[in-house]
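Positions 0 to 225 (numbering that gives the first Met the number 0) are the ones given, in order, by the sequence shown.
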Amino acid sequence: MELKFFKKSIPTLIFLVVFSAVGVTVFYHLLKVDNRLKIYNPSDVNPRLVDESMFHIQKNHTIADFSLVNQNGNIITNNNYKDKIYIADFFFTRCQTICIAMAYNMSELQEFYKNDDEIMFLSHSVTPVIDSVSVLKEYANRKGVIDGKWNVTTGSKKHIYDLARKSYFAVLDEGNGDENDFIHTEQFVLVDKERRIRGYYDGTDKNEMEKLKTDIVLLKEEYASK
């Protein structure tokens with residue numbers, strides 16, 4: 000009797016084991032999906048940060064093509080960041096307020112990731128006429144910028160301001176990038192290898208920098224699982 004019962008129970012036990020294994024696998028993958036960083040589109044951020052020309056974009060937003068000049072006088076484009084994760088910000092060399100903490104935190108991040116070839120940094124001057132290549136070079140030397148790791152850039156003011164408003168959604172102030180326009184933001188923006196925005200962080204806040212590091216771990220895990 001007991002033997003017959005045991006034999007009849009074997010298929011049920013096998014089913015339960017298989018079902019449990021499948022269930023655990025599915026649950027694990029669901030958790031992994033939940034842990035993936037958000038992909039930001041214009042509809043996902045404060046409308047005041049988004050140029051009205053971008054309101055209609057609901058998905059597939061990416062950082063626009065750019066052409067800038069770095070601290071060494073080299074042209075820097077999207078190609079320099081191909082297949083890289085990078086952190087972008089907007090600053091100016093004469094800033095005596097938020098930029099001081101931002102530069103310190105960016106330097107700390109650079110030190111933390113200096114041996115990680117997947118991670119790079121990109122700073123845009125919001126006073127590009129004043130921040131010439133020679134000024135940026137002196138600034139880069141003071142901040143310990145590593146060439147090839149962190150590009151501190153200047154360029155066309157309109158181009159930089161369009162990037163801030165239409166690509167990175169980093170500033171609240173409205174404007175058209177003319178000589179009277181001025182932007183000032185503490186935002187650090189995390190950009191993935193597909194040029195998509197994956198996070199915003201207060202570049203003056205140490206706790207936010209720890210969150211940024213945690214998010215980079217998640218982003219790298221996402222790529223590793225592909």
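By construction, the Cβ of each residue, glycine as well, lies at the ideal position given by its N, Cα and C atoms.
The region 82-97 and the region 189-202 touch, with no fewer than 3 CB-CB distances between them shorter than 8 Å. For residue 61, the CB contacts under 7 Å within the same chain, skipping 5 residues up- and downstream, are 193, 194, 195 in chain order. The distance from the Cβ of residue 125 to that of residue 183 is about 7 Å, consistent with a contact at the 8 Å cut-off. The distance from the Cβ of residue 40 to that of residue 56 is about 6 Å, consistent with a contact at the 8 Å cut-off. Going by C-alpha positions, residue 69 is about 26 Å away from residue 48. According to the DSSP assignment, residue 223 belongs to the alpha helix (DSSP H) that extends over 205-223. Sequence-distant Cβ neighbours of residue 63 in its own chain, meaning closer than 6 Å and more than five residues away, are 166.
For residue 134, the enclosing alpha helix (DSSP H) starts and ends at 132-142.
Going by beta carbons, residue 138 and residue 96 fall outside the 8 Å limit. Excluding the 5 residues flanking it on each side, residue 121 has same chain C-beta neighbours closer than 6 Å at 85, 87, 150, in chain order.
The beta carbon of residue 123 sits closer than 6 Å to the beta carbons of 89, 152, 159 from its chain, once the five residues preceding and following it are set aside; these are given in chain order. In this structure, residue 35 keeps its C-beta atom at 8 Å or more from the C-beta atom of residue 189. By the Cβ neighbour-count rule, residue 65 is buried, with 16 or more other Cβ atoms within 10 Å of its own.
If you ignore the 5 residues before and after residue 221, its C-beta comes within less than 8 Å of the C-beta of 35, 36, all in its own chain and listed in chain order. Going by DSSP, residue 70 is part of no alpha helix (DSSP H) at all; its letter is neither H nor E.
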